[in-house]
Amino acid sequence: MNDVRNFEVDPAGFHYDPRVRATMARFVTDGGDPLAFEAAAAVRTAHRAVERMRSHGSEGRGLSAGALDVLIRLDGEERGLSIGELARAAGVSSRNVTGLVDTLERDGLVRRVPDEADRRSVLAEITPAGRAWLDAFRKPTQAAMRAMFRGFTPEELVVFRDLCLRLADNQIRLSAHLRQNGQRDDH
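All residue numbers for the sequence shown refer to this note's numbering, where the first residue is 1 and numbers rise by one.
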């Protein structure tokens with residue numbers, strides 16, 4: 001996908017996408033304010049930008065972004081994590097994580113070990129080669145994140161993080177409400 005920058009700055013100094021603004025103004029037919037729709041589109045645009053950067057970095061080193069996430073989660077664990085724990089942490093299916101762990105294990109970055117607390121269970125744990133891979137990946141990733149957030153003050157980053165997580169929290173509450181009322185929440 002080509003990265004095309006079509007953003008403008010309004011008189012108050014805030015960025016916006018004029019194409020999205022026009023589209024959302026047509027979409028909101030009840031005379032309401034399309035600002036929430038513009039904000040949602042901006043969140044999607046920002047998400048895609050961050051994910052493209054992450055994918056570029058990890059895939060350029062032979063891992064998918066999903067495998068990178070698993071490796072990072074395992075890096076901070078002393079005893080490893082079960083497939084179910086990894087799936088819950090990532091918000092994906094156990095089947096998806098099993099495939100990622102299979103790939104990481106094949107590449108020597110992760111190994112499966114028996115769970116000492118539950119002999120029926122197996123844990124995935126990072127190998128020394130996995131830690132070395134992450135160490136080599138860390139510095140370029142930090143440089144990329146600094147570049148992605150260039151021009152943001154620490155205070156703006158705190159607000160940005162807060163706004164994103166509040167949005168996610170609202171979605172979780174809305175999904176619970178919809179489930180409680182027997183409605184689908186896949187909007």
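We put the beta carbon where it would ideally sit given N, CA and C, even for glycine.
Please confirm if the segment 86-96 is in contact with the segment 69-77, defined as three or more CB-CB distances below 8 Å between the two stretches. Contact holds: three or more Cβ-Cβ distances are below 8 Å.
With a Cβ-Cβ cutoff of 9 Å, do alanine 42 and tyrosine 16 count as a contact? Here residue 42 corresponds to residue number 42 of the sequence shown, with the count starting at 1. Here residue 16 corresponds to residue number 16 of the sequence shown, with the count starting at 1. With a cutoff of 9 Å on beta-carbon distance, alanine 42 and tyrosine 16 are scored as near each other.
DSSP beta-bridge partners for proline 115? Working through the sequence shown from its first residue, we reach residue 115 at position 115. Sequence inspection shows aspartate at residue 115; the proline mentioned does not correspond to that position. For aspartate 115, which the question treats as bridged, DSSP gives the partners Asp118.
Answer yes or no: do arginine 48 and leucine 68 have a C-beta to C-beta separation smaller than 9 Å? Here residue 48 refers to the residue found at position 48 of the sequence shown. Here residue 68 refers to the residue found at position 68 of the sequence shown. The answer is no: Cβ separation not under 9 Å.
DSSP state of serine 82 mapped onto helix, strand, coil: Against the sequence shown, residue 82 aligns to sequence position 82. The answer is strand: DSSP assigns serine 82 an E or B state.
So is alanine 124 buried or exposed if we call it buried at 16+ other beta carbons inside 10 Å? Locating residue 124 in the sequence shown gives position 124, counting from the first residue. Alanine 124 should be labelled buried.
Neighbourhood of methionine 148 by C-beta, 7 Å cutoff - its chain only, sequence neighbours within 5 removed: Start at 1 with the first residue of the sequence shown, and residue 148 comes out as number 148. Closer than 7 Å at Cβ, skipping near neighbours: Val50 and Met53.
Quick check: the Cα distance between glutamate 156 and lysine 139, rounded to an integer number of angstroms? Within the sequence shown, numbered from 1, the residue matching residue 156 stands at position 156. Within the sequence shown, numbered from 1, the residue matching residue 139 stands at position 139. Answer to the nearest angstrom: the Cα atoms are 23 Å apart.
Measuring straight from C-alpha to C-alpha, what distance separates glycine 13 and arginine 5? Residue 13 sits at position 13 when you count from the first residue of the sequence shown. Residue 5 sits at position 5 when you count from the first residue of the sequence shown. The straight-line gap from Cα to Cα measures roughly 17 Å.
Ranges of the alpha helix (DSSP H) found wholly within the segment 18-87, counting only runs of at least 4: Assignment of alpha helix (DSSP H) within the segment 18-87, counting only whole runs of 4 or more residues, yields 18-27, 35-59 and 65-75 in chain order.
In chain order, what residues of the same chain lie with their CB nearer than 6 Å to the CB of proline 18, ignoring the 5 residues before and after it? To locate residue 18, count along the sequence shown from 1; it is residue 18. Excluding its 5 nearest sequence neighbours in each direction, proline 18 has C-beta neighbours in its own chain below 6 Å: Glu8, listed in chain order.
Taking DSSP as the reference, what is the three-state secondary structure of alanine 12? To locate residue 12, count along the sequence shown from 1; it is residue 12. Coil at alanine 12, not helix or strand.
In terms of alpha-carbon separation, which member of Phe137, Gly57 and Gly130 lies closest to threonine 103? On the sequence shown, residue 103 is found 103 positions in, with the first residue counted as 1. Comparing Cα-Cα distances from threonine 103 to each of Phe137, Gly57 and Gly130, the minimum goes to Gly130.
What residue range is occupied by the uninterrupted alpha helix (DSSP H) comprising serine 175? Residue mapping note: residue 175 aligns to position 175 of the sequence shown, counting from 1. Element bounds for serine 175: 154-180.
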